[in-house]
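Protein chains in written order, with the working numbering: chain G, 1065 to 1567; chain C, 1065 to 1567.
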């Protein structure tokens, strides 16, 4: 490996660009040997090495540089953005394959976008435009977010129970400290049961219980049985900021919620702009294999060479952190945390049409279904409304079912479900594409890592706790908007501050 | 890395021993270069590559060789045995740091021991000898396994509830198919709740509920909140064989249970004997970094060189399997399984005395405590009774508390608890040692991997399902005696059969 690496470094990267010119031109034997030796022993050095160029890592690098310290960012993928990724449709039109929206209280993401001049626009949801909902009996409901039931479907079989349940969960969440959910007065009780258990014990109708996965599949990529109650309550508490307590509604709402706005050009543009500033300080295609802090500083070994820093910020989900070799080994509490924090199971599917035909029929593009493979959809068209794009979340058991189908069956199923929402125009898209986040090598699931029951209680305090010169970032480490882009940004800022305090 | 690897292979291992002689002696320039190139391109080949030299891997290798096929076994540790490991005390005396016991229905392990001439002996528990039990109120009970309450403590505050609860769990377990627990009629209901939830809903007294961790800490290395009910029921069903249905009692009993017997010289002797047969076909200190089946056959890259086989058997716990890089990537269902299968949290502590002084006082060395750091102890003395050895399990929350203490405090706490069981003689051991399985690099927990809620249902069918030319072994993949040495042996036999059917 050394030799191949050496060559790549000499030819392909900036750090040794001068030497690279010698390859194939200089005097054959001696000079080559000399340069090889030099390059092989020469690690690239900076004050801080950041592992991962998602929003967390990029934000951390930006903060470190802003403080006048040097940085290298190493990223396993051939692109930046992590769980944020554009699908380019040509002519400046895009669709987000991953993190898409921004909403109230997500100030850190909004501030970042503002700093880079990336503008927001409202997701299509004018007054009186209709959502669509299919309940477990297959009944159809159309309702507007500005109607009498607000953002809740006007299905009388669930309406009362939905309101009470969300209220109960919101109230419970208020006793969960976002900085340390394991310190909630009822933490042990809540971390010892699943959301399914709590729902079964606290709701009356089977019909309502079947609605719950319509929320958990898009939000967590899981079924209610996979979610510790304590984690759900923390997630709710986390969906706010220092002055506005989190609410569950903010997770699923467009108006006033986390789906209220999008970014012009797509959320990915922010990542691209941050990456551009880094220049040669960003190294792509560089999966990290080893993090060594047995000597002075930290040595990070990647497929693109060795990087040395005084500190390292690891900005990856816990389950990915488990796949790096650490020397010395991490304390078992941190290691076991990463063994118990599997990624959600989520695919995103999208259709492109000449125009957002649903709008003309009075629909806003949001469809919810208890029986469908697609649990929730959103209008994903550009501000111009040309073309019309709609995407859907396929999560949890539905994602597992969906993945087992043939590509043709999958496409057909999605089109049928979209047609059920908005009519037969949906059957003839110009383009159909799907993004299986489960299959992405450097994520292996989405949208967020989910601890198993008992894990927050046992090891939650290890999510952020630095291990000597290793600091942890990533949305899973955030107190507010954990699991969202805003949480990633917050985590990067926090980790950078930790490091800067020590430099 | 190539160059260092090449050197190690030339000097240190058998496969290229002839070439090794040239290092430092042959003609300097040309010959060295030639040999380096040869060795670097020359992977060691066999019909089957086995990853992991625990009981599963060693058994698989043995079966492959018995069928006349060639094998290489690569092992990350500098020793074989995996979760089985002797602590040698000198003069032929040993104490097991890991897997220790064998009992009725564990026929595969018993047959293996017999094949190698390793004899069993009964764990010390003569008629009328007393166990000790401390209940949550700190009350002490002494009872004999041959007394009126059998193997259950004669504490009237728990006796009835214990009997009913164990009976209920046993009955429920009978509907769980050991080959596919996710197909149990109530699988979804049971995989959506924790053991804690079920205990709270199905038992009456807080006192009894506090007894439950006394079982889960040693058996699983967890608290009841960390255990999906379906997994517990599967584990019970698994504690038997094809003709004797599993029972929960068999997990905790000495008489008639999984702690009934030990092996002369220690269970580790069986692994040593299997390893000796492998000779140079066993390569230690060879952690596997990559398994590549993108071409013909399978290429396994380790820190000790490259191995090529027609098939590979990976005999590691799921959480360790997650730490290998696969090309092509594994299906996400398999990957997510390994993200959701954290190892239990267990340490073993042991004291050595001149003699087993507790025996003279009528005790058999088994102590159970609801409040102690040590939940359960066993007499671990050699057949001669000289010296006297007793060991204890520290699991789940107790292990986490224990790990946070200073070494001196830990030792003192264990001695105090042992003295509480059997008297002040316990305070003056000749030797005290502890084994943190959580800290073992290539295990990072014990005794077994534990799925999170919903995982068996979603991904249980991926535990054993081969991925093209990769086959999976390890006790976590066993239908019977999952989590035990017998399960490991069974899994090795099963995986070898799978492979041999394809060769």
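From the three backbone atoms N, C-alpha and C, an ideal C-beta is built for every residue, glycine too. Please read these numbers as outputs of a predicted model, since none were measured by experiment.
Query raised in the report: Can you name, in chain order, every residue of its own chain whose Cβ lies under 7 Å from the Cβ of residue 1385 of chain G, other than the five neighbours on each side?
Result: If you number the first chain from 1, residue 1385 of chain G lands on position 321. 1378, 1402, listed in sequence order.
Query raised in the report: Shorter than 9 Å from the beta carbon of residue 1500 of chain G to some beta carbon of chain C?
Result: Numbered from 1 along the first chain, position 436 holds the residue referred to as residue 1500 of chain G. Chain C, which has a Cβ nearer than 9 Å to the Cβ of residue 1500 of chain G, makes this yes.
Query raised in the report: Just how far apart, CA to CA, sit residue 1574 of chain C and residue 1291 of chain G?
Result: Residue 1574 of chain C falls outside the range modelled here, since chain C spans only 1065 to 1567, and no answer is possible.
Query - Cutoff 9 Å: residue 1350 of chain C Cβ touching any chain G Cβ - result: The sequence position of residue 1350 of chain C within the second chain is 286, counting from 1. So no, residue 1350 of chain C is outside the interface.
Query raised in the report: What residue does the beta strand (DSSP E) around residue 1153 of chain C start on, and which one ends it?
Result: As a position in the second chain, residue 1153 of chain C is number 89, starting the count at 1. Taken as a continuous stretch (DSSP letters only), the beta strand (DSSP E) holding residue 1153 of chain C covers 1150-1154.
**Report entry** Min CB distance residue 1389 of chain G to chain C below 9 Å
**Finding:** For this step, residue 1389 of chain G is matched to residue 325 along the first chain. It does; some Cβ of chain C falls within 9 Å.
Query raised in the report: Does any C-beta atom of chain C lie closer than 9 Å to the C-beta of residue 1353 of chain G?
Result: The residue given as residue 1353 of chain G occupies position 289 in the first chain. Interface residue, yes.
Report task. Label residue 1491 of chain G either buried or exposed according to how many other C-beta atoms from any shown protein chain fall within 10 Å of its C-beta, with 16 as the threshold for buried. Result -> To locate residue 1491 of chain G, count along the first chain from 1; it is residue 427. So residue 1491 of chain G counts as exposed.
Requested in this report: Please name the residues in the region 1354-1386 of chain G whose beta-carbon is closer than 7 Å to at least one beta-carbon of chain C, in chain order.
Outcome: 1383, 1386
Query raised in the report: Hey, how far is the Cα of residue 1443 of chain G from the Cα of residue 1184 of chain G?
Result: For this step, residue 1443 of chain G is matched to residue 379 along the first chain. For this step, residue 1184 of chain G is matched to residue 120 along the first chain. Between residue 1443 of chain G and residue 1184 of chain G, the C-alpha separation is close to 15 Å.
**Report entry** Cα-Cα separation, residue 1324 of chain C to residue 1314 of chain C
**Finding:** The count along the second chain starts at 1 and reaches residue 1324 of chain C at position 260. The count along the second chain starts at 1 and reaches residue 1314 of chain C at position 250. One C-alpha to the other measures close to 10 Å.
Query raised in the report: Residues in its own chain within less than 6 Å of residue 1468 of chain C by CB, not counting five upstream and five downstream?
Result: In the second chain, counting from the first residue as 1, residue 1468 of chain C sits at position 404. Within the same chain, residue 1468 of chain C has no close Cβ partners at all.
**Report entry** Under 9 Å from the C-beta of residue 1424 of chain G: neighbouring residues of chain A
**Finding:** Going by chain labels, chain A is absent from the structure shown, which instead holds the protein chains G and C.
Query - residue 1302 of chain G in three-state terms, based on DSSP - result: As a working note, residue 1302 of chain G is residue 238 in the first chain. Reduced to three states, the DSSP call for residue 1302 of chain G is helix.
Query raised in the report: Taking buried to mean at least 16 other C-beta atoms within 10 Å of its own C-beta, is residue 1159 of chain C buried or exposed?
Result: To locate residue 1159 of chain C, count along the second chain from 1; it is residue 95. Looking at its Cβ environment, which holds 16 or more other Cβ atoms inside 10 Å, residue 1159 of chain C is buried.
Requested in this report: Note the first and the last residue of the continuous alpha helix (DSSP H) segment covering residue 1510 of chain C.
Outcome: Start at 1 with the first residue of the second chain, and residue 1510 of chain C comes out as number 446. Per DSSP, residue 1510 of chain C belongs to no alpha helix (DSSP H) and is neither H nor E.
Query raised in the report: Smallest Cα separation from residue 1333 of chain C: which of C:1161, C:1232, C:1504, C:1480?
Result: Numbered from 1 along the second chain, position 269 holds the residue referred to as residue 1333 of chain C. Nearest of C:1161, C:1232, C:1504, C:1480 to residue 1333 of chain C, Cα basis: C:1161.
Query raised in the report: Going along the region 1390-1409 of chain G in order, which residues come within less than 8 Å of chain C, judged by CB to CB distance?
Result: 1393, 1396, 1397, 1399, 1400, 1403, 1404, 1405, 1406, 1407, 1409
Query - Chain-order list of residues whose beta-carbon lies under 6 Å from that of residue 1196 of chain C (same chain, five-residue window excluded) - result: Sequence index remark: in the second chain, residue 1196 of chain C carries index 132 (1-based). Same-chain partners within the cutoff: 1206, 1431, 1485.
Query raised in the report: Does the pairing of the region 1432-1452 of chain G with the region 1527-1539 of chain G give three or more beta-carbon distances under 8 Å?
Result: no
Query raised in the report: Taking just the CA atoms, how far does residue 1420 of chain C sit from residue 1413 of chain C?
Result: Here residue 1413 of chain C refers to the residue found at position 349 when the second chain is read from its first residue. Here residue 1420 of chain C refers to the residue found at position 356 when the second chain is read from its first residue. Rounded to the nearest angstrom, the two C-alpha atoms are 16 Å apart.
Query raised in the report: Just to confirm, are residue 1345 of chain G and residue 1135 of chain G a CB contact at a threshold of 9 Å?
Result: Translated into positions along the first chain, residue 1345 of chain G becomes position 281. Translated into positions along the first chain, residue 1135 of chain G becomes position 71. Cβ distance < 9 Å, so residue 1345 of chain G and residue 1135 of chain G count as in contact.
Query raised in the report: Starting from residue 1438 of chain G and walking both ways along the alpha helix (DSSP H), at which residues does that stretch end?
Result: Along the first chain, read from residue 1 onward, the residue named residue 1438 of chain G stands at position 374. Run containing residue 1438 of chain G: none; DSSP gives neither H nor E here.
Query raised in the report: Can you list the residues of chain G that residue 1009 of chain C reaches, using a CB-CB cut of under 7 Å?
Result: The question about residue 1009 of chain C has no answer, for chain C in this structure spans 1065 to 1567.
**Report entry** Local Cβ density within 10 Å of residue 1234 of chain C, reported as buried at 16 or more and exposed below that
**Finding:** In the second chain, residue 1234 of chain C corresponds to position 170, counting from 1. Buried is the call here.
Report task. Please state whether DSSP places residue 1225 of chain G in a helix, a strand or coil. Result -> Looking up residue 1225 of chain G in the first chain gives position 161. The answer is helix: DSSP assigns residue 1225 of chain G an H, G or I state.
Query raised in the report: Between residue 1293 of chain C and the rest of its own chain, which residues show a CB-CB distance below 8 Å, the 5 nearest in sequence each way excluded?
Result: Locating residue 1293 of chain C in the second chain gives position 229, counting from the first residue. Around residue 1293 of chain C: 1254, 1255, 1257, 1258, 1259, 1261, 1262.
Report task. Excluding the 5 residues preceding and the 5 following residue 1543 of chain G in the sequence, name in chain order all residues of the same chain whose CB lies nearer than 6 Å to its CB. Result -> Counting from 1 along the first chain, the entry for residue 1543 of chain G is found at position 479. The residues are 1242, 1243.
Requested in this report: Taking C-beta pairs closer than 9 Å, name the residues in chain C that residue 1526 of chain G reaches, listed in chain order.
Outcome: As a first step, residue 1526 of chain G is located in the first chain; it is residue number 462 there, counting from the start. Residues of chain C passing the Cβ test: none, with the nearest at roughly 11 Å.
Query raised in the report: Three-state secondary structure (DSSP) at residue 1476 of chain C?
Result: Within the second chain, the letter at position 412 stands for residue 1476 of chain C. Three-state DSSP puts residue 1476 of chain C in a helix.
Query raised in the report: What is the DSSP secondary structure of residue 1447 of chain C, reduced to helix, strand or coil?
Result: Taking the second chain and counting its residues from 1, the one referred to as residue 1447 of chain C is at position 383. DSSP places residue 1447 of chain C in coil when its eight states are reduced to three.
Query raised in the report: Which value, in whole angstroms, describes the spacing of the CA atoms of residue 1541 of chain G and residue 1521 of chain G?
Result: Numbered from its first residue, the first chain carries residue 1541 of chain G at position 477. Numbered from its first residue, the first chain carries residue 1521 of chain G at position 457. So the two alpha carbons sit approximately 15 Å from each other.
Query raised in the report: In whole angstroms, what is the alpha-carbon distance linking residue 1584 of chain C and residue 1268 of chain G?
Result: This structure gives no information on residue 1584 of chain C, because the portion of chain C shown stretches from 1065 to 1567.
**Report entry** Assumed close pair residue 1407 of chain G, residue 1510 of chain G - CB separation to whole angstroms, cut-off 8 Å
**Finding:** By one-based count along the first chain, residue 1407 of chain G stands at place 343. By one-based count along the first chain, residue 1510 of chain G stands at place 446. Right, their Cβ atoms sit about 6 Å apart.
Query - C-alpha distance - residue 1410 of chain C paired with residue 1502 of chain C, whole-angstrom precision - result: Numbered from its first residue, the second chain carries residue 1410 of chain C at position 346. Numbered from its first residue, the second chain carries residue 1502 of chain C at position 438. The straight-line gap from Cα to Cα measures roughly 6 Å.
Query raised in the report: If you draw a straight line from the alpha carbon of residue 1285 of chain G to that of residue 1464 of chain G, how long is it in whole angstroms?
Result: Your numbering for residue 1285 of chain G matches position 221 in the first chain. Your numbering for residue 1464 of chain G matches position 400 in the first chain. One C-alpha to the other measures close to 10 Å.
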